[in-house]
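4 protein chains.
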Amino acid sequence: MPDARGRRGIHSATVVVPARADKRQLLLDAAIRVFALKGYHAARIGDIAKEAGVAYGLLYHYFASKEEVLETVFRDTWTAMLDAIGGIEATGGPAREQVRRVAAVVLGSWKLNPDLVRVLVREVARSPQLQNEVGEIRQAMDALERIVQRGQEAGEFRGTLHTRLAAWVLYGALEEVLTGWVMGAPPENDDDVALAVRTVTEVVCDGLVLD
Amino acid sequence: MPDARGRRGIHSATVVVPARADKRQLLLDAAIRVFALKGYHAARIGDIAKEAGVAYGLLYHYFASKEEVLETVFRDTWTAMLDAIGGIEATGGPAREQVRRVAAVVLGSWKLNPDLVRVLVREVARSPQLQNEVGEIRQAMDALERIVQRGQEAGEFRGTLHTRLAAWVLYGALEEVLTGWVMGAPPENDDDVALAVRTVTEVVCDGLVLD
Amino acid sequence: MPDARGRRGIHSATVVVPARADKRQLLLDAAIRVFALKGYHAARIGDIAKEAGVAYGLLYHYFASKEEVLETVFRDTWTAMLDAIGGIEATGGPAREQVRRVAAVVLGSWKLNPDLVRVLVREVARSPQLQNEVGEIRQAMDALERIVQRGQEAGEFRGTLHTRLAAWVLYGALEEVLTGWVMGAPPENDDDVALAVRTVTEVVCDGLVLD
Amino acid sequence: MPDARGRRGIHSATVVVPARADKRQLLLDAAIRVFALKGYHAARIGDIAKEAGVAYGLLYHYFASKEEVLETVFRDTWTAMLDAIGGIEATGGPAREQVRRVAAVVLGSWKLNPDLVRVLVREVARSPQLQNEVGEIRQAMDALERIVQRGQEAGEFRGTLHTRLAAWVLYGALEEVLTGWVMGAPPENDDDVALAVRTVTEVVCDGLVLD
DNA sequence: GATGAATGAGATTTCATTCAT
DNA sequence: AATGAATGAAATCTCATTCAT
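Residue numbers (the working numbering), protein chains in the order written: chain A, 1 to 211; chain B, 212 to 422; chain C, 423 to 633; chain D, 634 to 844.
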């Protein structure tokens, strides 16, 4: 059920009542497409409304500003991402396998919604402005760090490594692959994605150097 | 000697006329500080001029537009960075050592000019707009890829790895460390920087997993 | 009984059905409070509806526009005020006493509804826009002028004075006292009000100058 | 000499260098005309710029907002008014004469700039918003109160009267005369103005009642 | 080289009003 | 009567860029 600002929980009734289009979600989806195509700054409110097929001012019924639209996109995605990483953490298993699964989830997002990835990758720079969103990134980084730490504690990962830095390396590697895809060399099929997952995992876990 | 647009070589006449500050460089330095503080978009021409201590319109004497200022900052820095990486490539030596030296150069830039790093890290997202600049990033990536490739050819690096993806991993790891520093956890001393260089090199070259 | 627009006579059926609050009056009272607090222009329909505890669109059930709400407030009040002044005129008596009673009625309104006075005082300036309302102000001014005139005819008031200007002086004096109260120096008790009534009457009738 | 915001002292160099039109004053004068004609709210920035014969954005070169334009008009006028009243106070003389001269100055402003009076009278309602401006009104009121007080001390004015209330009566009387003129009954010539000055002075000083 | 007043297109945002339910 | 989502016109303000001096 929507609250005062019209927000719903992620698992809202949209599945149950698909007939009544949720205009808020319509706007959010439209915003992602428009932001992906023109960039946040070049995107005008009118573009988003037109893309969503609703009136100009309706966006302001659901969001306080253009910025809040982007912020919502960020937060929604990061929340889902945190859930997914949390799930991987929870299942336990070998640290290397957890790294692989995180890579699979992060890089797999490209297939689900390339436009969304485009927006996330291009507009990260706005993070300093989007203070709240930083919180979620930090949480993701914390989760990655915990994975590394548990790997060390299990004797699986090199114990001498600085865990925060190692988490940064993993995170940076994944982000840069997505960036590469966004910047002009997208994966052509599932095999390309699988190769990327495998390569990131191998480099980060086993290293470039031949033993 | 300044050309029509007023540009000079990096090692310009400032050495000859040190008393009379080079206003162009003054503006460039001011721009870096302002971009670092407020971000490119929020930065106004007036802010830059005031920071440089020169008049409003003078910026347009030296640069065609605000965009060109950022572009110049990018190009100047990337040119220097490419030179440095080129030098590392040229000296040859073990691939692992080359990776370490690249990491040292990239992460060492923080000490030289943190604001500059801030700008570079935050505004990469503008790359699609800054068409020219993409070229330089690609060249840097090409250099990294060549280092990986030569490592493989020398039997030092794992031959099965996709070289482009491996280059992305390395590049992403370095950028993320800088980003981490920018976002609020800067290195406190040279040891912190050295630790980061060592950690990135170890993770990327030797992997997280204990052999 | 409500007419097509839902208007009722002042002494409407609210007396008969006190349990079920009259939403129209609820809105009107809420509007006065909101106008008093934020001013007519800054007041939004949503503010009024929320203050009244009714839904957004209901206001348009009872009033054609936001302007009509203010107009109604004005008209209702001025009608009552005209009745009161009319009563004073009708009873006859010394002109000085009539002036005193008018002052008592006008200044006494503060106790009854300070917010209403706030609105009336602040939004008079909108008169040119509120064409209808000007009519009622003019009628009030006419009544004051008649009082002065009769005072002259009775030989009680100085015959040489321009009656319209004299009426303006009286009206302005009363309005300014209310304004003073509105602007931050409200009367603390009935004595303060009585003092104001006496002072205005004395100054206007007897003058500042000691005979 | 203009300061950072382009403001000048009241007695600026415009008299000395009439050739170089002061665009800021041009805008201020245009604003008064437009505000007088359409009211503050209905007046668009474009109207003012066009009336002044300058470009849209220039208004924002000199003023931070439309509100600041109105505020400046208020403050400039009130400052001049305070100077004038201060001058009257300074010269001393009988209290009754001082009242007469204040009335002459206030009501005389109509001839100097009717549009300005229109704006001041109509937009007083904005005072609560224009907090700063209230200060100047209060100072004016203080000056009037001092005149009454000195009149009492000199044995010229009735000592029993509450001086603040008396000042309000005088101020309200003057404002209402201007309001009457603004609302549709302007003085046709100097005699009408002189009559108004005389009438206000007589009523307030000598009273309506025939001794 | 240097200055900063002047320009004006363009985008966000507001909010009174309508209308389907 | 009552609700509140939906509409869209209108207006302020920003700021990169130009240009006369």
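Where a beta carbon is used, it is the ideal one built from N, C-alpha and C, also for glycine. The structure presented is a predicted model; accordingly, all values stated were derived computationally and were not measured.
Against chain B, a Cβ distance below 8 angstroms from F157/A picks out L419, V420, L421. The alpha carbon of L632/C has as its nearest neighbour, out of L703/D, H694/D, G788/D, L715/D, the alpha carbon of G788/D. Straight-line measurement puts the Cα of I665/D at about 17 angstroms from the Cα of W814/D.
Residue contact check for E598/C against chain D: a CB pair falls below 7 angstroms. The C-beta separation of V521/C from V837/D comes to about 14 angstroms, leaving the pair out of contact by the 8 angstroms criterion. DSSP places H483/C in the uninterrupted alpha helix (DSSP H) bounded by 481-484. Under the three-state reduction of DSSP, V476/C is assigned to coil, being neither helix nor strand. For T793/D, there is no enclosing alpha helix (DSSP H), as DSSP gives it neither H nor E.
The beta carbon of K234/B sits closer than 6 angstroms to the beta carbons of V265 from its chain, once the five residues preceding and following it are set aside; these are given in chain order. Residue environment analysis places S742/D among the buried positions, since at least 16 neighbouring C-beta atoms fall within 10 angstroms of its C-beta. Residue-level contact by beta carbon fails for H61/A and chain B, as no gap is shorter than 7 angstroms. Per DSSP, the continuous alpha helix (DSSP H) segment holding G108/A begins and ends at 95-112.
Using a Cβ-Cβ cut-off of 7 angstroms, T410/B is close to L161, H162, L165, A166 of chain A, given in chain order.
C-alpha of G298/B to C-alpha of R357/B: approximately 13 angstroms in a straight line. Between the region 283-298 of chain B and the region 248-256 of chain B there are fewer than three inter-stretch CB-CB distances shorter than 8 angstroms, so the stretches are not counted as touching.
DSSP places A36/A inside the alpha helix (DSSP H), whose first and last residues are 23-38.
Looking at the DSSP output, V209/A bridges to F368/B.
Annotation for G86/A: the continuous alpha helix (DSSP H) segment containing it runs 66-91. Under the three-state reduction of DSSP output, A194/A falls in the helix class.
An exposed status is given to E399/B, since fewer than 16 other beta-carbon atoms sit within 10 Å of its beta-carbon.
Counting the other Cβ atoms within 10 Å of the Cβ of R755/D gives 16 or more, which makes it buried. Here A465/C carries a coil assignment [DSSP, helix/strand/coil].
Within chain C, the C-beta atoms nearer than 8 angstroms to that of V837/D come from V591, V625, V626, G629, L630, in chain order. E300/B and A354/B have their C-alpha atoms roughly 8 angstroms apart.
In terms of Cα proximity to F457/C, the closest of G515/C, E575/C, L542/C is L542/C. Annotation: Cβ neighbours of G602/C in chain D (cutoff 7 angstroms, chain order): W801. Cα atoms of F485/C and A618/C: separation of roughly 37 angstroms, rounded to the nearest angstrom. Under the Cβ distance rule, G594/C counts among the residues neighbouring chain D, one pair being separated by less than 7 angstroms. Check the Cα spacing between E704/D and each of R797/D, D839/D, V826/D, I770/D: the tightest is with I770/D. Here M352/B carries a helix assignment [DSSP, helix/strand/coil]. Per DSSP, reduced to three states, the secondary structure at A607/C is coil, with no helix or strand assignment. Here the alpha carbon of L587/C sits roughly 22 angstroms from the alpha carbon of V781/D. Spatial neighbours of T834/D in its own chain (CB-CB distance under 8 angstroms, excluding positions within 5 residues in sequence) are listed in chain order as R729, V732, R733, A736.
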